[in-house]
Each structure stands twice: as structure tokens, then as C-alpha cells.
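Protein chains: 2
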Amino acid sequence: MRSRVEAIRDMMRSRGWDAVVLTGTDPHVSEYSAPRWHQIEWVSGYTGEGELVITEDHAGLWTDTRYFIQAERQLQGTGIELHKTRVQDQVLIPEWLKTRFAGYDEVVIAVDGLGISATEVIEIRDTVGKDRTAIANVPDMLSFFWTDRPGYPQSPIITLGADTVGWSRKQKIVWIRKWLKDNGCDAILLTALDEIAWMLNVRGRDVAYNPVVMSYLLVASDTIQWFVRKGPIPENDNETEDSFYELTASGVNIQDYSDIGMALAGMIDDDYIKKIFIDPSSLNYDLYGILKENSLQDNVVTGKSPVALRKSVKNEVEIAGLREAHLEDGLAMERFLYWLETMIEAGEPLNEYECSVKLHEFRSRIEGFRGESFETISAYGPNAALPHYVTPENGSAELYANGLYLCDSGGQYLFGTTDITRTVPLGPCSQLEKEDYTLVLKGHIALSRIVFPKGTAGCQIDVMARAPLWNSKRNFGHGTGHGVGFYLNVHEGPQEIRQNFNRQAILPGMVTTDEPGIYREGRHGIRHENVLLCVDAGENDFGRWLRFEPLTLCHFDTSILVKELLDEEDIKWLNDYNERVFRTLSPRLPSEIATWLRQKTLPIIR
Amino acid sequence: MRSRVEAIRDMMRSRGWDAVVLTGTDPHVSEYSAPRWHQIEWVSGYTGEGELVITEDHAGLWTDTRYFIQAERQLQGTGIELHKTRVQDQVLIPEWLKTRFAGYDEVVIAVDGLGISATEVIEIRDTVGKDRTAIANVPDMLSFFWTDRPGYPQSPIITLGADTVGWSRKQKIVWIRKWLKDNGCDAILLTALDEIAWMLNVRGRDVAYNPVVMSYLLVASDTIQWFVRKGPIPENDNETEDSFYELTASGVNIQDYSDIGMALAGMIDDDYIKKIFIDPSSLNYDLYGILKENSLQDNVVTGKSPVALRKSVKNEVEIAGLREAHLEDGLAMERFLYWLETMIEAGEPLNEYECSVKLHEFRSRIEGFRGESFETISAYGPNAALPHYVTPENGSAELYANGLYLCDSGGQYLFGTTDITRTVPLGPCSQLEKEDYTLVLKGHIALSRIVFPKGTAGCQIDVMARAPLWNSKRNFGHGTGHGVGFYLNVHEGPQEIRQNFNRQAILPGMVTTDEPGIYREGRHGIRHENVLLCVDAGENDFGRWLRFEPLTLCHFDTSILVKELLDEEDIKWLNDYNERVFRTLSPRLPSEIATWLRQKTLPIIR
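For the protein sequence lines, the chains are A and B, in the order given. Each residue of the first sequence is one higher than the last, beginning at 1 in this note's numbering. Each residue of the second sequence is one higher than the last, beginning at 1001 in this note's numbering.
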């Protein structure tokens, strides 16, 4: 059987293409996409994040530190070469293509314009050379060979009321129209799926773990048009029917998903829209091309979507929901950790996958649970050294009564999204495990308890979580914290806590994770993660102050701490936190678990 | 007598200008300038940093937090209004002009193109509106009224040998020519005065405290042209004559300062230079205009000067010199602090200015001392709350045996530049003074002892110095650290340690200050400053590590520390540092001072 790479090469030859660039994103440049856009996996078998470049004589996969080990394993025997990114001597795709085609008078690079961002294609074209590079845009390129390719997702759509999300759809529309007026625009096209879900107060299940609806939303001065779904609602889908009824009643004009390009061009052509705001970071190359072909660039204003920032600052109702979600999620976590310890102590055979199933079971019992917010990372021993370990359903590692077990998981609830990592000792641990465990927790605490002036950005405080590790020359290769949606994507911007020079200040109401870690290949991996709410901390002569309040409620295990590495303030924070966890959760837990939790949360003394 | 603002307004009316923008910088966009460019002071009487905008009905001075109190005092009665910058609701000059002239079809803004950067003028023009804004460039504009305006400085020029600076002039020229070749250029125009001094291994005294020579330097493939001075060398200036002789012998073609524009245009016109590299950050608007008028933009490549980065990484010879400079400087500081304590204990009358004179006296005795590296800030009590306090020669404050005295000073030596701040108690202090003193020192120590991975930028570690203050809602409004030259400007880039999103990594060999502070208006001011050398800290599985080594050698007073605010690591660092100061300096001090220093540096126990 010819490989899929060879099939693509046949197409390249017949069409005169020099290279094909494939990504795993969907027409909305989503971080996670529905199976239809798992193009990289279909071509290569590799299941992590990454991008593929195919030329006549080379097939390469570009991915970052988090996926090196996985990529090396999964690409074995495919002939596809791994290109490492986020390393010191990295050569990114545009640069690589430039070098590969040095000396060519003309280069034709083919992309699936629906599955790649306009920004990326433009960067490739400009780097390889604007004058000599032609981009061949072939929407759904792989469908020629991928005969059983999944269709566009069409999951049931629900709506959320202001009692759940605080701001009604109407309020949001009024707000965005005012923003448009203030910014000299008469329309905005939202292409990012989580922004659309937020704007319309709708949720779906179109992308695994991300409760979004594949669609485009156009808000103009006197019309709201939602381009969603291809074709009619299935008969048994009452949720969607009800939702569409409600949306239509509130003035949302529902259109076919495929019509976005023509509709947009038409409205601008008719002078119905004079200035439309679009955030290019979630615009695919195909739609960009339609705007360009119709010479609409002068009518387009680009910038950061105001929805991203507005959405990231949670209102009082959302915060109340998030507190509830973290309380329920914490109860499930404590039940799970109790069960885990009991199983290990009893010497019952247990593997990583069974753990994630059990945790799912505890979460499933919560009213309003809608599924995990991402695939649970259940990792024992050396497996935890892969920050993005995928726990296999079959043949996952057995757990034993020694070393460390890491569990990174989260839930989607109708009233909020959670994300928590706990690393727990299952028995005796090495001195290195204990030190690493302690220093990562010290970093977690230092970030969690910082007080900072209004206007501070994440990259300006990221080092708080790293310095305790740095001081003994340890580090971790991922960001320290990401924004978390409200019953939406578990990763959202615009704020983040990492070394990147992202200028977005952390504002009161923003919800961000605090998750330092350490990863030692072949040995162990540790991560301690809470979700933090930014709250006001008062004003004085020096200005206005902010701080964090952990929303996550689940104890940190203190049994293997190297106490000498903690100072009094660390210990005070830890004792206070564990005490708060105990007081909040224990009345809602069965007595045997409450008793166990009392022991787990007893204050430590240095 | 008509005010100078009114005189400028007369000129505006007669020439049809809508606004005049004045700055205090020289034709090289220097941070500090010779008296000829103290335009703001001449017009307004205000002596700090700032910029002036004059319109028909408004005169405004823009300056930042550091100068608010000083500006308010000095502008009293002038009719010039203070516009605050680095505050949350700041309106910067371009924005202010845009608002002021909203609705105007045409706006004429006059500048002295020699005394303002091209970047700033372009920003003003583009913000006010490219299409409607005309810039009137009037070199030496104020000379029409400023009849006794100082001339261009022409101080004696000396040269430094490779035994002092490590890299000979020849090596530097070879290096820059290779850099030019690698970057597709055949020439570079250096306009920043400290870069020129570094490149040619020359020093002058053209700007107070900054040992630079007013000049432009052009390095092409086979010529080096130094545009320096107007007219011949005075008869008694043997230093300059010798230097010019040496420079000419080593291939440097010496030209008249004023000829730069024409020479440059000519060389490009003759195709002698095809691509010339220029760093726009130190290019004045007048020279920019000459390049533009001659349509030379296509021949100009702009970017960050490679000299700035190369200069900031000190070589082994420079580092040895800097160690020597800090040792000598530390001895002078200890002599001064001993003298100060003795005077206060004896109840002798003493004012701030006498202190700075005495410190100067101690430094003057050092062989190779060339003057202060900036004007000594000698400030007692509430005066220290002004971070940039200028100690008046007449009527400076008397010192008493209580509260805090702050001294921020530095020396220029033939073998290095120093910059040190010590804040010392003169007797009983309030609890707030003690806490502030301790927390600022805690921040200083936290930054000083951090270990960090290669590639880390200053803004990513700045918070180390702030977090101890932030955690009790205290802060300071200036940067934490700046680069320091080698017998050059006490402020140099490209690295810095502050909240600004400056991506420049801190590299081994870079020399940067660590100077957190706290300022309470009407009460007290505290700053603790050492100069830190970045050094290698080894490599492990996590990559390459760096750390800081304090070059400054002068004890920190421990008598008023609130020890409970320090943790064990802080105390260990402080005891080690003070012990190192004692061991290094005491053999070189008179026995009574050595005995005193022993007491001052005894380890503290919590």
C-alpha cells in the first residue's frame, strides 16, 4: 500500500506544486479541532500538535518540546522527519522552505485554506519571497483521498441564561455595538468559536472538550447573522431547535455555515457594511482570500478582538458559578484521591487508565457535568515526565506503592470550567522526588500569594513560580498559567502567565492557572496546579493592588515535603490553604473521607 | 520683561507655526547633554528631564513620576503647566497635540531638528495626522533669542590602549566590518556618543559626567571617517593633538563635525556606499531629513546598533578594570561613611552638600579618577524621597542624629565606572523607616542572588526586587537596574532590569545595577544599590545557567533591620556579602576604619 505521503506527492506532481503545508487546525484556527481536521494524524499517525511539510524529497513534522518523545515514537518507520521547535537552533517552517527553495525562480506552495490561518500563509509567502511564491489554496485538499473523512460536526446546541452567565445576549450585543461605534466600525465578524459562544450565550459539543459551535457571527448596526450548520436540524435534536427558536426571537438571523464568504462580500459590496472589524488571529486563509478577491481590504479593520478581553474578565454571576464548579470538582477530586490511596494500600491492581475512568465517574455524578474540559492526563512514574502524556486505554502503566502519580484533569459544568493537577506520592519516594515536589510547590505558592500593582502582566510575575526551581538550577519548559473559560475552552486568552512578552495586564475577574512543574525523562514528572481568580486588594499611596484567590479546592499532600526548603510564609500559606479545603469540603463528604481529609490537611510545622 | 515663552510665541506667529516642541537632548539623542542643549531649562527654569510644548494658548512640560515635585516647584509662576507621564491616565505629547488640533485641516509643528530624535518627530506627525501635519525644522531655533547660548563643547580627547579596554581599535574595526558584511551592508554610521567612544577607544569630557566626544563615526569597507569638532585644536590642548595623531596613524580620517550630512549624501550619491546601517534611536531629525531629501532611504538599513550589545558585554580586561574600580570606590565609600558617622556622633554641623564634597575628596585621591559618573545625590530625610534629588550648593539640608541619609554616587576612573547607593541611619529611626529599609534590602538581595537560565531578559526577573515590597503593598516608580559602561556613560543599554518589555537577554559579562527603593513624600527615601556582573553558573540537564556577582564593595548597615522580615537565605547572603567587603577592604584601610568596619560587618543572627 502506498503511503499517504506518497499519495499527496502524486497530487503535487500532477498539479505542479513544490510543497504542501498541512496543520491540524479547523477553519476557525482553533487550538483543538474536530476529527475532520485531524489531518496530521491521518497522514502521519502522529497524534500530538504539530504541522507537516511535504516536498518531493522530504516529509517533516514540526513540533515543540512537549511532544518530542511522542513524535519520535509515533513517526517511527513513516519516513517523516521530526523538526524540533522551541529549541535554541530551531528552523521554523517559513525559514526551512526558504532554504529548501533557495535559487528557485518560482515556488508553488499548496495549503488547505480552510485548515490554516491567513497569518501563517502570509508569513510563509513573505519569508520564502513574496515575488516568487504562489500559494495554491485547495480547500478540503485531503478529501480527495480521505474517503471516510468525518463530516462537519453538528452537535446539539444549548443556550445559557443571564442567571448563569450574568450578561444576557442583548446586553452583549449592546456592548459590542457601542464598542464598534467607538472604534469607527459598523460591523464585526467573529471567527473564534469561543468568542461566538460567549457572545450568543450558546454552547455545543462540536470540538471534543470545547463546548463550542462551528460557526461565524456577524454583528452589524442593525443585524446579527449567525452562519451555523450545513442543512436542516435532525428531527431528534430538540435542543438545537429550541435554541434556534430562542435566538431567532432575540433577533439573531440564522444562516447556512457555507454562506459566510458570499454574504460578507455581498454586504460590503452593497455598502451595507463600510468598516468591518476582524481579528486576523482566528481568520482562515480561505476566507481571507474571499475578502481579498473582492478587494474588500479597505473595508476591513484588523486588531485584537474586544470579545477576547471582555470574555476573560468574569462577572459576579460567572464567578459565583465558578466557585460552585470548583467546590463540586474539589469534592470529586478528594473522593478520587481517597479511593486511590485506599486501592494502593489494599494492594489492588490498578492502572493509569482505570484511574482516569474512576475520576470521570466521580465527576459524572455532579449535576450539570457536561464532560471533561480536556483529556485526563493520568500518569505514573516516568510517564509523568511527558507534560502532555496521553493515557492509553489499553496497556497503560500499572501503579505501585512507591513514587509519584500525576493527574491533570478538569470538568465542564453548566456553571463553569475547572482544571486541576495534583501529584501524589503512592509510597516511598526518592530524595530527588521529594526535593522536586517541594520546590515546584514552593513556586506554586510564591505565585499564588503575590500581591501586585494594577497593570502588571503575566510575564512580569512568571518568575515567582520559577525562582525556587531556578535557584537550584531546575526549570520547566512550558508556561506557568493560561486563562480558563466559563463553561468554555479550558485554554483562553488574552492573559497568560509565562515568559512570552504578552503585554496584557491581569485584571480583577480574570481566571488563570498556576501550574509550575518539573520533568525528568525516564524518572518522574511533577506539576501542582490550581486555578486562580484575580481579585482587588485595595488602594493606598502606591496605587491600586491586586492579588489571587485560589478557586481550586483540593488539598496538597504534605507527607513528602522537604520542609527545610520552605520558609515560614510558604508553610503558613500551605497550612491555611489545606485548612480552607478541609473546612469547605469536609461537611459535604462521607465521614470516612472527611476523617481521612482531616489527617491529610493537618498543619505542618517546620 | 517678556517671558521666553512669549518670545517663542512671537516667532510662532510670524512664521505661522501652530506648535513648538522642545526637548533637552543633543544632536545625538543623548540622555544627558551639554549646556548648549539645556533648552528646557533656558525656557522654563525647570532643570529636570522633560519636554516642552508651546502653542498659542498653552505651554506644557511633560515629565515622569521622578520629577513631579521638582517640576511643580520650579514651574511655579511661569504659567507652564505640568503634564504627568508614567501615570495611569497619561496623555503623551503626540496624543495631546492630536486632541489640541482636532478639526484643523493643516497643522504646522516646529522643532529644532538637531535637538530631537527623528523617531519622536515621526511619531508626532503620524499621530497628529500624516496628511495634515507639516514639520518645520529649524536647527538651533532658540539661538535667535538665546544670545549667550553656550557653544558646541570641545573638551580634550584621550585614547585608551588595549591594556585598559581589552579590544584594540583595530580589533573593533575588523569586528564591525565583518558584522557589516554578514548583514549585507558596506558601511555603518554611528551617532550614539558612547558607541563612538567605545569603537575608537577615545574618551572626552563633552558632556558632564559622560566621558564622550561630540562626533559622528562612519565606518565603511575601506575608510573610517570621524566627524568631530568644528575648527582647529586649541594650542594648549596636547591631549587632543596626540590623540588625533594616533587615530590618523591607525587609519581614522578626521573631518569637521558639521560636514557629516553633506559627506554622507555625497558618498551614497557617488555609489561609494550602497547600503549603510543606521540605528534610528540616536538619529536626530535634521540628519534624518538630509538623508530623506537626498532620497537615500533605499540605501539605509535601520536596526539596533550592534555596537550597543557588543559594548555591554565586558571583556576580561574590562572586567579586571571594573573590579579594581569598585575596590577603590568601595574604599572611598567606607572612608566617607566612617567620616560621616564620626561627624554625626561628634555633633558637628553638617549639611548634604558638605557630604558630597567630602565624598568627592575621598574619590579624588584615587589614581585614575576622572570625576563623578553623575551628580552625587546627597539627601537627608524627606529630601531622599525625591529619587532624582539635586543637592543644592547653597542652603542644602542639615543632617541630624536621627532618620535616614541617602547617598547615590559614582566615579569615572580610567579603568571603569561605578554607581552605588547606600542609605544609612544617622540615629534613631521610625518603625516605618526600619521596615522600608529592610524590605528594600530584601528585594535587592532577592535579585542579587537569583540564578537564571541563559536567555532571560531583565523584565522577566525585575519582580524579584519588587515582590518583597509588593507583598506589603509598597512599590517604587523607577526601573530596578540599568547597564553601566566601562569608563563611559553610567547609563547604557541594551539590557535593563525593569518592567518594560525589553527582550534583550542578560548575558555573561554584562554589568547592570540592582537598585530598588521606596519613596514617601515628606517623610523619607531609601535605595540600596550595587553594580552586578553577570557570570556563568554552569550547565546541566535543564540548560545553561547564569547568576550575578556584585562588583560593588561597601557594607550594608544592619543596625536597623527588622530581622523578622528577612528569611534565612537573605541573612546568609547579607552576612556573606558584608564579610567579603570586610575581608577585601580592611587590609587597605587605616586601622581605626578597619576596626569600625569589623563592627559594621559582624554577622547578624535572626
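Quick reminder that beta carbons are idealized off the backbone N, C-alpha and C, glycines included.
In chain A, no part has a C-beta under 7 Å from the C-beta of A1249 of chain B; the shortest such distance is about 43 Å. Where W146 of chain A is concerned, there is no enclosing alpha helix (DSSP H), because DSSP gives it neither an H nor an E. For I1461 of chain B, the chain A residues whose Cβ falls inside 7 Å of its Cβ are V463, in order along the chain. Beta-bridge partners assigned by DSSP to M1510 of chain B: B:V1313. Under the rule that a run must span 4 or more residues, the alpha helix (DSSP H) segments found entirely inside the stretch 1263-1308 of chain B read 1285-1293.
Closest in alpha carbon position to S1258 of chain B, among B:E1569, B:T1127 and B:W1226, is B:W1226.
Each of A:R310, A:A265, A:D242 and A:M267 was checked against the Cα of I173 of chain A, and the nearest Cα belongs to A:R310. Between N210 of chain A and R169 of chain A, the C-beta spacing is not below 7 Å. The beta carbon of P453 of chain A sits closer than 7 Å to some beta carbon of chain B. The C-beta of R66 of chain A comes no closer than 7 Å to any C-beta of chain B.
With 16 or more other Cβ atoms inside 10 Å of its own Cβ, R1363 of chain B counts as buried. Residues P603 and I604 of the same chain have their beta carbon placed closer than 8 Å to that of N575 of chain A, with the five preceding and five following residues left out of the count. In the structure shown, Y67 of chain A falls within a helical segment according to DSSP collapsed to helix, strand and coil.
Note on Q1297 of chain B: under 16 other CB atoms within 10 angstroms of its CB, so exposed under the neighbour-count rule. Contact with chain B is absent for W226 of chain A, since none of that chain's Cβ atoms lies less than 7 Å from the residue's Cβ.
Contact fails between the stretch 1424-1434 of chain B and the stretch 1450-1462 of chain B, because fewer than three Cβ pairs, one in each stretch, are under 8 Å apart.
Between the alpha carbons of H524 of chain A and A379 of chain A lies a gap of roughly 9 Å. Counting only unbroken stretches of 4 or more residues, the alpha helix (DSSP H) elements lying wholly within the stretch 144-213 of chain A are 162-165, 169-182 and 193-200, in sequence order. When DSSP states are grouped into helix, strand and coil, N502 of chain A belongs to the coil group. By a beta-carbon distance limit of 8 Å, Q1460 of chain B contacts D462 of chain A. Their separation comes to about 7 Å. About 19 Å separates the beta carbon of P1494 of chain B from that of V1535 of chain B, a gap too long to meet the 8 Å contact definition.
The count of Cβ pairs closer than 8 Å, one atom from the stretch 265-278 of chain A and one from the stretch 300-314 of chain A, reaches three, so the stretches are in contact. Spanning the alpha carbons of Y245 of chain A and G161 of chain A requires a straight line of approximately 14 Å. Using a CB distance below 7 Å, no part of the stretch 16-39 of chain A faces chain B. If you compare the alpha carbons of A:C185, A:R36 and A:I196 with that of Y152 of chain A, the shortest gap goes to A:R36.
The residues L1287 and I1290, in chain order, have a CB closer than 7 Å to that of G1261 of chain B in the same chain once the five nearest residues on each side in sequence are set aside. The beta strand (DSSP E) runs lying completely inside the stretch 426-495 of chain A and spanning 3 residues or more are 451-453 and 481-483, given in chain order. Closer than 7 Å to the CB of Q499 of chain A there is at least one CB belonging to chain B. When CB distances to chain B are screened at a threshold of 8 Å, the residues of the stretch 529-551 of chain A falling below it are A537, G538, N540, D541, F542, G543 and W545, in chain order.
Approximately 6 Å separates the beta-carbon atoms of A1385 of chain B and R1520 of chain B; this is inside 8 Å, confirming the contact.
Taking the Cβ atoms as the reference, L488 of chain A lies roughly 6 Å from T417 of chain A, within the contact range of under 8 Å. Membership of C1407 of chain B in the beta strand (DSSP E) is indicated by the continuous run L1404 to S1409.
Pairwise C-beta distances place the stretch 1318-1335 of chain B in contact with the stretch 1582-1592 of chain B, as three or more of them are shorter than 8 Å. Contact annotation for N1471 of chain B against chain A: R449, I450 and V451 [CB-CB distance below 8 Å, chain order]. Listed in chain order, the beta strand (DSSP E) runs fully inside the stretch 1509-1540 of chain B are 1511-1514, 1517-1520, 1524-1527 and 1530-1540, counting runs of at least 3 residues.
Contact annotation, H1038 of chain B with L1193 of chain B: C-beta distance approximately 16 Å; criterion of less than 8 Å not satisfied.
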